[in-house]
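Asker: Residues in the sequence shown are numbered from 272 upward in steps of one, following this note's numbering.
Just so it is clear, CB atoms sit at the ideal spot from N, CA and C, and this is done for glycine as well.
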Amino acid sequence: MRTVVLSLLLAVPVAAADKPPEIPLWPGVAPGEKAGAIPDEAFLPAKPGEQPPIQRLGNVSKPTLTVFKPKKELDTGAAVIVVPGGGYNILAFEHEGSMVCEWLNSLGVTGVLLKYRVPRRPDQPKGEPPVSALQDAQRAVGLVRSKAKEWGLDDKRIGMLGFSAGGHLTAWTLSTTDKRAYEPVDAADKLSSRPDFVVLIYPAYLTNREKVLSPELKVTKDTPSCFLAVSYNDDGCFPGTLEFTKALKANKVPAELHVFSDGGHGYGMKPSDKSYATWPKRCGEWLAERGYLKK
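1) State the DSSP-derived secondary structure class of P295, mapped to helix, strand or coil.
2) Which of the three DSSP states is assigned to F509 in this structure?
3) Would you report the Cα separation of E514 and D289, rounded to the nearest angstrom?
4) Within the same chain, show all residues whose beta-carbon is closer than 6 angstroms to that of Q406, passing over the 5 residues directly before and after it, in chain order.
5) Measure the C-alpha to C-alpha separation of G433 and A411 and round it to an integer number of angstroms.
6) Could you spell out the range, first to last residue, of the beta strand (DSSP E) harbouring E527?
7) Short check: CB of T614 to CB of V353, under 8 angstroms?
8) Look up L519 in the DSSP assignment and say whether it is helix, strand or coil.
9) Could you check the C-alpha separation between D457 and D467 for me, to the nearest Å?
10) Taking the beta carbon of K340 as the centre, do at least 16 other beta carbons fall within 10 Å, making it buried, or is it exposed?
11) Looking only at C-alpha atoms, which of T347, F531, K523, I361 sits nearest to T491?
12) M431 bridges to which residues according to DSSP?
13) Are K489 and S446 touching if we call contact CB-CB under 8 angstroms?
14) Taking only three categories from DSSP, how would you classify L279?
15) Could you work out which residue in E560, L558, T441, G507 is closest to H536 when comparing CA atoms only?
16) Considering just the uninterrupted stretch of the alpha helix (DSSP H) at L440, what are its terminal residues?
17) Rounded to whole angstroms, what is the Cα-Cα separation between D460 and Y547?
18) Name, in chain order, the residues that DSSP records as bridge partners for T478.
19) How about A404 and L440: are their beta carbons less than 8 angstroms apart?
20) So, at 6 angstroms on beta carbons, what are the nonlocal neighbours of M370 in its own chain, with the 5 sequence-adjacent residues on each side left out?
21) Considering only the beta carbon of each residue, do V259 and E312 sit closer than 8 angstroms?
22) From this set, F498, M431, Y359, Y538, which residue's C-alpha is nearest G398's C-alpha?
23) Look at L534 and K552 and say whether their C-beta atoms are less than 8 angstroms apart.
24) Which first and last residues belong to the beta strand (DSSP E) in which L378 is found?
25) Under 8 angstroms between the Cβ atoms of S485 and T478?
26) Tell me whether L336 sits in a helix, a strand or coil according to DSSP, three-state version.
27) CA-CA distance, G511 and T347?
28) Three-state secondary structure (DSSP) at G413?
29) If you count every other CB in all the chains shown that lies within 10 Å of the CB of I294, and 16 or more means buried, which is it?
30) Taking all protein chains shown into account, do 16 or more other C-beta atoms lie within 10 angstroms of the C-beta of E365, making it buried, or fewer, making it exposed?
31) Contact defined as beta carbons within less than 8 angstroms: I believe L315 pairs with R327. What is the distance between those atoms, to the nearest angstrom?
32) DSSP on G562, reduced to helix/strand/coil?
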């Protein structure tokens, strides 16, 4: 009996150690954040009949990074900051978040799940993307870069992967590397906030009502390489993805675009026998061909 009890006690810290560490994004209160401005953070109930149920996280006021490390023998030193979608109102935290980090681990890549502030705050201009999310994304890139030595990363192979609104946030972060959207708070904010490569999966809000690139998005010859995937029947995101790809082409930025016949929007890492579910395989091949998976 003693042996059984001792084994159970010893198993507890092992299980705790296996849980990916979650660290605060900011050393104090996030810029512009006001106590009590929104309700407490919580996972929202699934919609009736939804199969499988989607894990939706709402009311985030304390942004964090959760670090998923690959097995030591697989570790390539590359890292990708994963940015879930959710219309800037919630975060699709599982099938566009933690499951993506676990897939990246299978490639030998450290997955860093960004929990950024949602929903839009009442004082943020309507019709514009929330600057609080941009602040969190810029901070995330600089902070991960500052942890490169501690986490065993190559600070020149730090990418971002975003879905839907998270895809827009990734493209926005890519476009605003000349200046932070907040006053620097420590040494991490002195490092580049530009990711070294990006992956955009059914990115939203890339164009405005005039069907041209949204004004906050800028593509230049210095924009890093991009992988893009979207479904032909995703009417909200297909046109914008094409416009962004055209801008990459015009500036001679290396890019790879995959257009799937169906799938619609929001599939993330959900399993399927349809072609759209092959985007992780196609993306892994692209990462390898671009040299991001070399040890």
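Answerer: According to the data block:
1) Working through the sequence shown from its first residue, we reach residue 295 at position 24. The answer is strand: DSSP assigns P295 an E or B state.
2) Numbered from 1 along the sequence shown, position 238 holds the residue referred to as residue 509. Here F509 sits in helix by DSSP.
3) Translated into positions along the sequence shown, residue 514 becomes position 243. Translated into positions along the sequence shown, residue 289 becomes position 18. If I take the Cα positions, the gap works out to 42 angstroms.
4) Numbered from its first residue, the sequence shown carries residue 406 at position 135. The answer, listed in chain order, is P302, A452, Y453.
5) Here residue 433 corresponds to residue number 162 of the sequence shown, with the count starting at 1. Here residue 411 corresponds to residue number 140 of the sequence shown, with the count starting at 1. Cα to Cα, the separation comes out at about 13 angstroms.
6) Working through the sequence shown from its first residue, we reach residue 527 at position 256. Per DSSP, E527 belongs to the beta strand (DSSP E) from 526-531.
7) Past the edges of the chain, shown from 272 to 566, lies residue 614, and the structure says nothing about it.
8) Here residue 519 is taken as the residue at index 248 of the sequence shown, counted from 1. Helix, per DSSP.
9) The sequence position of residue 457 within the sequence shown is 186, counting from 1. The sequence position of residue 467 within the sequence shown is 196, counting from 1. For D457 and D467, the distance between alpha carbons rounds to 22 angstroms.
10) Position 69 of the sequence shown, counted from the first residue, corresponds to residue 340. Buried is the call here.
11) Here residue 491 is taken as the residue at index 220 of the sequence shown, counted from 1. Residue K523 is the option with its Cα nearest to T491.
12) As a working mapping, residue 431 is identified with position 160 in the sequence shown. Its beta-bridge partners are I352, V469.
13) On the sequence shown, residue 489 is found 218 positions in, with the first residue counted as 1. On the sequence shown, residue 446 is found 175 positions in, with the first residue counted as 1. For K489 and S446, yes; Cβs fall inside 8 angstroms.
14) Taking the first residue of the sequence shown as 1, we reach residue 279 at position 8. In this predicted model, L279 has a pLDDT of only 35, less than 50, meaning its place in the structure is not dependable; the value taken from the coordinates is given anyway. Three-state DSSP puts L279 in a helix.
15) In the sequence shown, the residue the question calls residue 536 occupies position 265. H536 has its Cα closest to that of G507, out of E560, L558, T441, G507.
16) Reading the sequence shown from its first residue, position 169 is the one you call residue 440. Segment 436-446, the alpha helix (DSSP H) holding L440.
17) Within the sequence shown, residue 460 is the residue found at index 189, counting from 1. Within the sequence shown, residue 547 is the residue found at index 276, counting from 1. Roughly 37 angstroms separates the two Cα atoms.
18) On the sequence shown, residue 478 is found 207 positions in, with the first residue counted as 1. DSSP lists L484 as partners of T478.
19) Position 133 of the sequence shown, counted from the start, is the residue given in the question as residue 404. Position 169 of the sequence shown, counted from the start, is the residue given in the question as residue 440. Yes, the Cβ-Cβ distance between A404 and L440 is below 8 angstroms.
20) Locating residue 370 in the sequence shown gives position 99, where the first residue counts as 1. So the qualifying residues of the chain are M540.
21) Here the chain has residues from 272 to 566 only, and residue 259 is not among them.
22) Here residue 398 is taken as the residue at index 127 of the sequence shown, counted from 1. Selected option, being the one with the closest Cα: Y359.
23) Numbered from 1 along the sequence shown, position 263 holds the residue referred to as residue 534. Numbered from 1 along the sequence shown, position 281 holds the residue referred to as residue 552. It is Gly, not Leu, that sits at residue 534 in the sequence shown. No.
24) Along the sequence shown, one-based indexing puts residue 378 at 107. Neither: L378 is in no beta strand (DSSP E) and is coded neither H nor E.
25) Locating residue 485 in the sequence shown gives position 214, counting from the first residue. Locating residue 478 in the sequence shown gives position 207, counting from the first residue. Yes.
26) Position 65 of the sequence shown holds residue 336. It is a strand residue.
27) Translated into positions along the sequence shown, residue 511 becomes position 240. Translated into positions along the sequence shown, residue 347 becomes position 76. Roughly 33 angstroms separates the two Cα atoms.
28) For the purposes of this step, residue 413 is identified with residue 142 of the sequence shown, where counting begins at 1. It is helical.
29) Here the question's residue 294 lines up with position 23 in the sequence shown. Burial call: exposed.
30) Here residue 365 refers to the residue found at position 94 when the sequence shown is read from its first residue. Buried, by the Cβ-count rule.
31) Locating residue 315 in the sequence shown gives position 44, where the first residue counts as 1. Locating residue 327 in the sequence shown gives position 56, where the first residue counts as 1. That pair is a contact at about 4 angstroms.
32) Locating residue 562 in the sequence shown gives position 291, where the first residue counts as 1. Here G562 sits in coil by DSSP.
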